[in-house]
Amino acid sequence: MGDTRNTYSEMLAAVQAFHDKHQLRQHGGEDLPYRVALMAEELGEISACVTKGKTQEALAEECADLLILLIGTAIAGDFNLEDAFWSKMGRLGDRESRIIEGRIRVSEFRET
Ligand SMILES: [Mg+2]
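The working numbering puts the first residue of the sequence shown at 1306, with every later residue one more than the last.
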């Protein structure tokens, strides 16, 4: 295999080491409402990259910030994000797509 830094387990270990280094769990950094706020903040930064025409490098960095927070939220919430990812990808593969107002959407399209 190639670069092990690309495996989820290595990414998880790196984020866990970051949490341990700063003792996030002991100081409220793993409280889920706080994490949701941090993720919203990063999503806003991603949005600003697009709406302000920032560089691809800047966009990649902000996406990495959000990914790091997501992995940390899996630590905080004690769930396996890798398993959840593959489970969901499998279910997405079974869904249909539609064009809605000019853009494609993949969803279950349940009628209410
Ligand atoms: Mg950021």
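A virtual CB, placed ideally from N, CA and C, is assigned to each residue, including glycine. Quantities reported herein were computed from a predicted structural model and do not represent experimental measurements.
Listed as beta-bridge partners of residue 1404 by DSSP are 1409.
Contact holds between the region 1369-1380 and the region 1326-1344, because three or more Cβ pairs, one in each stretch, are under 8 Å apart.
Taking a contact as a CB-CB distance under 8 Å, the pair residue 1402 and residue 1410 counts as one, their CB atoms being some 7 Å apart.
For residue 1324, the enclosing alpha helix (DSSP H) begins and ends at 1313-1327.
Taking the Cα positions, residue 1314 is about 13 Å away from residue 1377. Near ligand 1, meaning a Cβ closer than 6 Å to any of its heavy atoms, lie the following residues in chain order: 1347, 1350, 1367, 1370. Annotation: the continuous alpha helix (DSSP H) that includes residue 1361 extends over 1361-1382.
Taking residue 1400 as the centre and dropping the five residues before and after it, the same chain places the C-beta of 1411, 1412, 1413 closer than 7 Å to its C-beta, in chain order.
For residue 1320, same chain residues with a beta-carbon under 8 Å away, outside a window of 5 residues either side, are 1373, 1376, 1377, 1380 in chain order.
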